[in-house]
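*Asks:* Residue numbers (our numbering), protein chains in the order written: chain A, 1 to 381; chain B, 382 to 762; chain C, 763 to 1088; chain D, 1089 to 1414.
Pasting in a structure now, in structure tokens, and then I'll have a few things to ask.
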Amino acid sequence: MTSTNAWIPRIVGDANEHPDDAAGGMPADGIETVQLLDAEGGEVRHPTYSPQLSADEVRDAYRTMFLARRIDVEGTNLQRQGQLALWAPAKGQEAAQIGAITALRPTDMVYPSYRELAMAMHRGLDPVAILQIMRGITHATWDVDALHFGLFSFVVGAQTLQATGYAMGVTLDGADDVVLVCLGDGATSEGHVSEALNFAAVFNAPVIFLVQNNQYAISVPTSGQFRGAPAARAAGFGMPGIRVDGNDLLAVHAVVAEAAARARAGGGPTLVEAMTYRIGAHTTADDPTRYRSREEEELWAGRDPLVRIERWLRDQGTPEEYFSELATEGDELATDVRARVLALTPDGITELYDYVLAEPSAALVEEREQVERYLATLEGR
Amino acid sequence: MTSTNAWIPRIVGDANEHPDDAAGGMPADGIETVQLLDAEGGEVRHPTYSPQLSADEVRDAYRTMFLARRIDVEGTNLQRQGQLALWAPAKGQEAAQIGAITALRPTDMVYPSYRELAMAMHRGLDPVAILQIMRGITHATWDVDALHFGLFSFVVGAQTLQATGYAMGVTLDGADDVVLVCLGDGATSEGHVSEALNFAAVFNAPVIFLVQNNQYAISVPTSGQFRGAPAARAAGFGMPGIRVDGNDLLAVHAVVAEAAARARAGGGPTLVEAMTYRIGAHTTADDPTRYRSREEEELWAGRDPLVRIERWLRDQGTPEEYFSELATEGDELATDVRARVLALTPDGITELYDYVLAEPSAALVEEREQVERYLATLEGR
Amino acid sequence: MVQLSMAKAITAGLSRAMDRNDHVVTIGQDIGKLGGVFRITDGLQERFGHKRVMDSPLAEAGIVGTALGMAQRGYVPVCEIQFDGFVFPAFDQIINQASRLRFRSQGQVTAPIVIRLPYGGNVGSIEHHGESPEAYFTPTPGLRIVSPSTPADAYELIQQAIDSPDPVIVLEPKRLYHSLKGEVDLDAPPSGELDRARVVRLGSEITLIGYGPMVSTLLSAAKVLADEGHSAEVVDLRSIAPIDWATVETSARKTGRVIVAHEAPRTSGVGAELAARIQEHCFYALESPVLRVTGLDMPYPPSRVETDYVPSVDRVLQTVDRALAY
Amino acid sequence: MVQLSMAKAITAGLSRAMDRNDHVVTIGQDIGKLGGVFRITDGLQERFGHKRVMDSPLAEAGIVGTALGMAQRGYVPVCEIQFDGFVFPAFDQIINQASRLRFRSQGQVTAPIVIRLPYGGNVGSIEHHGESPEAYFTPTPGLRIVSPSTPADAYELIQQAIDSPDPVIVLEPKRLYHSLKGEVDLDAPPSGELDRARVVRLGSEITLIGYGPMVSTLLSAAKVLADEGHSAEVVDLRSIAPIDWATVETSARKTGRVIVAHEAPRTSGVGAELAARIQEHCFYALESPVLRVTGLDMPYPPSRVETDYVPSVDRVLQTVDRALAY
Ligand SMILES: Cc1ncc(C[n+]2csc(CCOP(=O)(O)OP(=O)(O)O)c2C)c(N)n1
Ligand SMILES: Cc1ncc(C[n+]2csc(CCOP(=O)(O)OP(=O)(O)O)c2C)c(N)n1
Ligand SMILES: [Mg+2]
Ligand SMILES: [Mg+2]
């Protein structure tokens, strides 16, 4: 295990100036970033970590990354065409997500935030279930127990406490499941997240905090979010904190696999800070030109997590058909998803009374009837 | 400046067992504890810190510590005699409090929690103002601006954000004031406190977080409160964290003086973890025999912060009269305070309407009149 | 039948629920060795072990948030919040999470947790220790809120809350913890529904509605009224959310006069919803407006004057006079 | 007089307040370069600098808590909370701190902060972005809550809120930010009192009371009623806490029929307090019960069905029919 506890003070003169990282590169705070594959797809030797995935497994992983990106494009398109209220692109973060989730067992519980399209697809969630949220059809409804994939959480950070509690339940069961919870660099500022780190440490809970540090919380760069990086923060709560190149599938996988093994063996929580970049806008409602530079975007475009794996796979002799078939599969999936999204119709509002309490109260039954009667009068018009 | 960033994992097998520290000693977590005066009052050489107080200044400091303890005893007595609802003794924490506050300028703002009797007295607050809270006469009412001593805060941790904001205001002013905020070991678990640490670091605010680690939050020992000690947590938020022997007046003073100088010079926040012990009960409503051992209490009784200074002062040749006069002063003060506390009568409830809004709303005026009329009818009976 | 204080009745109910279902766990500040600041969990850690009786770090959001996670793993966590005034750091986890997990997931994820919250004043303590924060929770669909008024009821309600598939806040009248004793049948299974009000005294001229610590005040007032020749009906809501409107409205229609009492300030308190609904549904039956006897519209005062703040028998009687004068 | 959207009117008011008093600062998420997700602070950082327009870390308690501290140092901080649904992490700092610093210190410490909170639905967004959380704040003595219904009012209210020595929550009707334009006199000094309601349409048969985004719905309903031969008076509360009871009760007594509208769920909403107080104070004047037209008693629904949740002109009219039928 790599020690990541070095702390080099980054005290600046006037913190209110919030200087952006010079060129949007990795922060120069002395914390090591684990990398196994460079931006060109070349393998990098690391003293502690080594690739854990076979070429076949990488191809599988790449497939999900690729399909997720295809759906991501479709999401953005649908939003532009007025078919979705909003879309929050995962583009650029596929390696962080798929590297992490492939390091888990299918029965290990995952608590996403709201950007984990790729992870969700890996777990077999129909992407329509996500797109329909953004179409205003449902909030977040899928079979959490079957998929071991939690609900999207739109209240930043709130899910980390629940993930920790779930992991405490795993300990109570005496089971060897592991829990993975996703959060962003911005989320680390919420008090609830610090409480989650502390509970996880105190109860020695088998939970991995995956911070996808995509350099921004909407418009605020990490320099305006914290002085102590998430990876460094872990130590202060009594758990290992590892920083990894989040655009490097192999490195994320190796780091999370090690954390999962430790948790399973009773070694408690780990925080993994995956350094990545949100290539798209925060959501389709956002305008990144207001707060980040063209150069920075180009720099990170050159670190695309898909390109890197594609190169590596080609180096490993993956045939062209693999890629062309995948492209076709992606288009077909997108077409299918689009068609099903456009066909979605919401439940009537009165059906939602079923979900307020386990059994509706008399007042709810009464109100429902009133609303039904009222809506019926409207239909008449 | 001493580096306190060593992090030695203290991962235990079953965290739910919450093992107490073996003998209530200092935690063996590899973080250095700055000490300048040992339990016998002997001077200890330290590579970085040295005593900053003259013998006269120490005598002044000791006087406040002594008088505070005398009032503390009176508080406990008054509560036992049914004259106070509650008393939260500061006994044992006098060096941490007086060491810290003597390192500040009188115009530096202090945000206490609820146990800072000694600090309050140093700033000239009439102890009756505190006792009357515990008698149910007022909440917390003193001239904060004149004393530069904030209100007691009974919501654990809430004051840390306000202290940080005050310090941000100091920066906005371009002034060189410093802010000191007091909190306990238990308080570090509240999310608000982590948010305060983060805001302080991001805004480079001149605030010192003084954690009086008295080993317990009511009944919960630090082993059940955190795995990463407060001193270690600071680094993860991007500020220095220093652990100091909190029963050592000279060490606390030296460490806080250094932090204050740094903050004044634009160097931002510092966290100081003062290792101390609450010799008394959490409050008079508490029963420490349920959760701590006789041996542990005796161990810490041997580290009494007053005894240590008394020995040192005697070694320095302080005459016996100093101590006997001080004892007399203490008794006189206690007698005076007791008399004034017993004479206290509360404002009538209707007067409190004056403080709900700056100008009472019409509804408040109306309600007040009703209550006045109602109370008048009762007087008739 | 045994004679128990309300505190001991809650301990007994909690302990019985933990006996019946080994997935019931409890978490909170100082609930282990100390048995909680009110000793409600006294002896439970010894009996059920550290795993099922968990001392938590000092963080209310952490308590409720991790309880939700444990519930998602199949446990039934009972959280103890130490005092009324300290529940607010957990607010987001209660309002945005616990109360709506079922709704937002269309039943895929539920939140069968219990939050025990000692509340109420006239206990002679300092700030934040005598408050009645129920009005901060009642605007929340999906959240159940109950409050017992007797040891027997407390014994039953805590068990019903634990059995409930919904998140339930149990407001425990701390003034009665040790002062109120009563008969409790420890063998009785929790019966009836969680959200049923109870007519605790029959009457014909006026209805007095309250819950938790106010019920005994209302009963005392009703007694005085009886001596003065007036017949007051007293309704113990038991469930503050949802409210058992059938029982409330039946009584209101019968007597034609209603007074609601609570310790929380008047503005936007539970009494507002009761008055609003009763005047709507019983408009023609009312002989006088629904009146409220409540805490004052100021933060909870220092304890030496708290008896002027918390509704007293006298204030109830004065308000009854007003109602009867219409 | 210029024609401004409500968003631009708030920007103008904020900017004017910052011009007039160099101790007015603003803090919130993304309010700097981005100008806030609704662009209310657009251009302010360029004009007033990074020190007075502070991008905060992503932590609502941090925003409000540090604002309180800055206020204690003599500043007048205006906090932006990004959306209605995200205010709850700051709850303790608002309820236990901001609202009662003056009371607990008997005036030694005050909290002249402003919390800007975009709220309300029918905006076609996802969960937590269309809510009306005002009922979580109204039970709080010491806290002022206002909501504008027009650009001119928004321009005035934001300045009055900043001038107020009390903590003020400004609920900004986000649906109207860009959709509602109106005349604003940029030179007019903020006049009158912060807690005055306004009769925005005179009428004689029924009083329609609302605030913020509901006022235009009520005005539309009043128009339809006029066409149908009914005369409705419309009261814009402006101040939700405290409420201007004199204006409300005068209108209620005049018309004898009252309807209250808000987007938040009915139970324990602002309408409950209005109904409770009006039925008490205007008992003999009422010809029908005070009725409420509100959001439904469920969490805010997915946006495709939100128009069935938020009160519409139709639902107001239907309720007016009910009231007139008494
Ligand atoms: C408690 C809360 N506050 C504010 C928001 C509004 N908001 C949504 S996403 C976001 C930024 C999140 O940044 P980060 O955690 O870095 O995740 P990313 O979006 O970059 O994946 C904000 C402020 C929210 N959803 N929840
Ligand atoms: C938010 C909040 N939760 C709970 C409490 C109840 N309470 C009062 S003091 C205390 C323990 C505080 O421990 P610590 O921070 O170590 O300070 P100490 O009392 O030891 O000085 C608790 C739990 C409170 N006052 N505020
Ligand atoms: Mg981010
Ligand atoms: Mg302590």
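All C-beta atoms in this analysis are idealised placements derived from N, C-alpha and C, irrespective of residue type, glycine included.
As the structure is a prediction and not an experimental result, all values here were calculated from the model.
Consult DSSP for B/Asn628 and reduce its assignment to one of helix, strand or coil.
*Replies:* As a first step, residue 628 of chain B must be located in the second sequence, where it is residue number 247. In the structure shown, B/Asn628 sits in coil (DSSP, three-state: anything other than H, G, I, E or B).
*Asks:* Do B/Ala539 and B/Ala586 come within 8 angstroms of each other at the CB atom, strictly closer than that value?
*Replies:* Here residue 586 of chain B refers to the residue found at position 205 when the second sequence is read from its first residue. Here residue 539 of chain B refers to the residue found at position 158 when the second sequence is read from its first residue. Contact flag unset, no.
*Asks:* My output table needs one value for B/Leu434: the three-state DSSP class, helix, strand or coil.
*Replies:* For the purposes of this step, residue 434 of chain B is taken as the residue at position 53 of the second sequence. In this structure, B/Leu434 counts as coil in the three-state DSSP scheme.
*Asks:* May I have the straight-line CA-CA distance separating D/His1318 from D/Ala1373, to the nearest angstrom?
*Replies:* The count along the fourth sequence starts at 1 and reaches residue 1318 of chain D at position 230. The count along the fourth sequence starts at 1 and reaches residue 1373 of chain D at position 285. Near 19 angstroms, if we compare the C-alpha coordinates of D/Ala1373 and D/His1318.
*Asks:* Pull the bridge partners of D/Gln1091 from the DSSP assignment, please.
*Replies:* Mapped onto the fourth sequence, residue 1091 of chain D falls at position 3. Paired residues: D/Glu1271.
*Asks:* Check the Cβ-Cβ distances between B/Val565 and every residue of chain A, and say whether any is below 8 angstroms.
*Replies:* Translated into positions along the second sequence, residue 565 of chain B becomes position 184. According to the sequence displayed, residue 565 of chain B carries Gly and not Val. Not closer than 8 angstroms to any Cβ of chain A, the Cβ of B/Gly565 fails to qualify, so no.
*Asks:* Whose CA, out of C/Asp1070, C/Val1052 and C/Gly790, lies closest to the CA of C/Met1060?
*Replies:* In the third sequence, the residue the question calls residue 1060 of chain C occupies position 298. The shortest Cα separation from C/Met1060 among C/Asp1070, C/Val1052 and C/Gly790 belongs to C/Asp1070.
*Asks:* Kindly indicate which three-state DSSP category A/Ala384 falls into: helix, strand or coil?
*Replies:* Here chain A comprises residues numbered 1 to 381, so residue 384 of chain A is not present and cannot be evaluated.
*Asks:* I need the DSSP call for A/Leu131, collapsed to helix, strand or coil.
*Replies:* Taking the first sequence and counting its residues from 1, the one referred to as residue 131 of chain A is at position 131. A/Leu131 falls in the helix class under three-state DSSP.
*Asks:* Let me see if you follow: with CB-CB separation under 8 angstroms, is A/Asn204 close to chain C or not?
*Replies:* For the purposes of this step, residue 204 of chain A is identified with residue 204 of the first sequence, where counting begins at 1. With 8 angstroms as the cut-off, A/Asn204 does not count as an interface residue toward chain C.
*Asks:* Strictly below 7 angstroms CB to CB, what residues from chain C border A/Asp143?
*Replies:* Residue 143 of chain A sits at position 143 when you count from the first residue of the first sequence. Residues of chain C passing the Cβ test: Gln870.
*Asks:* Less than 8 angstroms between the beta carbons of B/Glu748 and C/Leu1058, yes or no?
*Replies:* Taking the second sequence and counting its residues from 1, the one referred to as residue 748 of chain B is at position 367. Taking the third sequence and counting its residues from 1, the one referred to as residue 1058 of chain C is at position 296. Their beta carbons are under 8 angstroms apart, which means B/Glu748 touches C/Leu1058 by this criterion.
*Asks:* What does a CB cutoff of less than 6 angstroms around D/Asp1324 pick up in its chain, not counting 5 residues either side in sequence?
*Replies:* Within the fourth sequence, the letter at position 236 stands for residue 1324 of chain D. Result list for D/Asp1324: Ser1237, Arg1286, Val1288 and Val1303, in chain order.
*Asks:* Residues in the region 223 to 249 of chain A with C-beta within 8 angstroms of chain C's C-beta atoms, listed in sequence order?
*Replies:* So the list is empty, because no residue satisfies the distance condition.
*Asks:* Which partner residues of D/His1350 appear in the DSSP bridge assignment?
*Replies:* Translated into positions along the fourth sequence, residue 1350 of chain D becomes position 262. D/His1350 pairs with D/Thr1382.
*Asks:* What are the partner residues of C/Val1032, as DSSP defines its beta bridges?
*Replies:* Against the third sequence, residue 1032 of chain C aligns to sequence position 270. Answer by DSSP bridge pairing: none, since C/Val1032 is not bridged.
*Asks:* Quick check on the contact list: which residues have their beta carbon closer than 6 angstroms to a heavy atom of ligand 4?
*Replies:* Result (chain order): B/Gly565, B/Asp566, B/Gly567, B/Asn595, B/Tyr597 and B/Ala598.
*Asks:* Which stretch, first to last residue, makes up the alpha helix (DSSP H) that contains D/Arg1403?
*Replies:* In the fourth sequence, the residue the question calls residue 1403 of chain D occupies position 315. Start and end: Val1401 to Leu1412.
*Asks:* Could you check which residue in C/Glu918, C/Phe853 and C/Ser982 has the C-alpha nearest to that of C/Leu948?
*Replies:* Against the third sequence, residue 948 of chain C aligns to sequence position 186. Looking at the Cα atoms, C/Glu918 is the closest of the given residues.
*Asks:* Could you give the distance in angstroms between the alpha-carbon of C/Glu1068 and the alpha-carbon of B/Asp728?
*Replies:* Translated into the one-based positions of the third sequence, residue 1068 of chain C becomes position 306. Translated into the one-based positions of the second sequence, residue 728 of chain B becomes position 347. Spanning the two alpha carbons is a distance of roughly 11 angstroms.
*Asks:* Flag D/Met1158 as yes if its beta-carbon sits less than 8 angstroms from any beta-carbon of chain B, otherwise no.
*Replies:* The residue you call residue 1158 of chain D lines up with position 70 of the fourth sequence. Yes, its Cβ sits closer than 8 angstroms to a Cβ of chain B.
*Asks:* Let me check understanding here. Comparing Cα to Cα, which of C/Thr828, C/Val1010, C/Val1052 and C/Ser1065 lies closest to C/Val1082?
*Replies:* Taking the third sequence and counting its residues from 1, the one referred to as residue 1082 of chain C is at position 320. If we check each option's Cα against that of C/Val1082, C/Val1052 comes out closest.
*Asks:* My guess is that C/Gly1093 and C/Glu990 are in contact by the Cβ rule of under 8 angstroms, so how many angstroms apart are they, rounded?
*Replies:* Examination of residue 1093 of chain C is not possible in this model, given that chain C is present from 763 through 1088 alone.
*Asks:* Does the Cβ of D/His1266 have 16 or more other Cβ atoms within 10 Å, making it buried, or fewer, making it exposed?
*Replies:* Translated into the one-based positions of the fourth sequence, residue 1266 of chain D becomes position 178. By the 10 Å Cβ count, D/His1266 comes out exposed.
*Asks:* When you compare each of C/Ala823, C/Arg809, C/Thr828 and C/Ala771 to C/Phe800 by their alpha carbons, which one comes out closest?
*Replies:* For the purposes of this step, residue 800 of chain C is taken as the residue at position 38 of the third sequence. For the residues C/Ala823, C/Arg809, C/Thr828 and C/Ala771, the minimum Cα distance to C/Phe800 belongs to C/Ala771.
*Asks:* Considering only DSSP beta bridges, list what A/Phe149 is partnered with.
*Replies:* Along the first sequence, one-based indexing puts residue 149 of chain A at 149. Partner(s): A/Val110.
*Asks:* Identify the contact partners of B/Ser742 in chain D, using a Cβ-Cβ distance below 8 angstroms as the criterion.
*Replies:* Start at 1 with the first residue of the second sequence, and residue 742 of chain B comes out as number 361. Per Cβ cutoff of 8 angstroms: Asp1283 and Pro1330.
*Asks:* In the structure shown, what three-state DSSP assignment does D/Val1323 receive?
*Replies:* Locating residue 1323 of chain D in the fourth sequence gives position 235, where the first residue counts as 1. Three-state result, D/Val1323: strand.
*Asks:* Among B/Glu701, B/Arg692, B/Arg608 and B/Ile660, which one has its Cα closest to the Cα of B/Ala409?
*Replies:* What you label residue 409 of chain B is simply residue 28 of the second sequence in a count that begins at 1. Ranking B/Glu701, B/Arg692, B/Arg608 and B/Ile660 by Cα distance to B/Ala409 puts B/Arg608 first.
*Asks:* What does DSSP give as the partner residues of A/Met275 in its beta bridges?
*Replies:* Position 275 of the first sequence, counted from the first residue, corresponds to residue 275 of chain A. DSSP output for A/Met275 lists A/Asn213 and A/Asp245 as bridge partner(s).
*Asks:* With a 10 Å radius around its C-beta and 16 neighbouring C-beta atoms as the bar for buried, classify C/Tyr1088 as buried or exposed.
*Replies:* Residue 1088 of chain C sits at position 326 when you count from the first residue of the third sequence. With fewer than 16 other Cβ atoms within 10 Å, it is exposed.
*Asks:* For A/Met65, list the residues DSSP reports as bridge partners.
*Replies:* As a working mapping, residue 65 of chain A is identified with position 65 in the first sequence. According to DSSP, A/Met65 bridges with nothing at all.
*Asks:* At a Cβ threshold of 8 angstroms, is B/Ile452 touching chain C?
*Replies:* By one-based count along the second sequence, residue 452 of chain B stands at place 71. With 8 angstroms as the cut-off, B/Ile452 does not count as an interface residue toward chain C.
*Asks:* Under a CB-based cut-off of 8 angstroms, is A/Glu195 close to chain B?
*Replies:* Sequence index remark: in the first sequence, residue 195 of chain A carries index 195 (1-based). Closer than 8 angstroms: yes.
*Asks:* Got a sec? Which residues, its chain only, sit under 6 angstroms from C/Met763 by beta carbon, not counting five neighbours each side?
*Replies:* Position 1 of the third sequence, counted from the start, is the residue given in the question as residue 763 of chain C. Within the same chain, C/Met763 has close Cβ partners Glu945 and Asp947.
*Asks:* Whole alpha helix (DSSP H) runs in the region 876 to 901 of chain C with 4 or more residues, listed along the chain?
*Replies:* Counting only runs of 4 or more, we get nothing.
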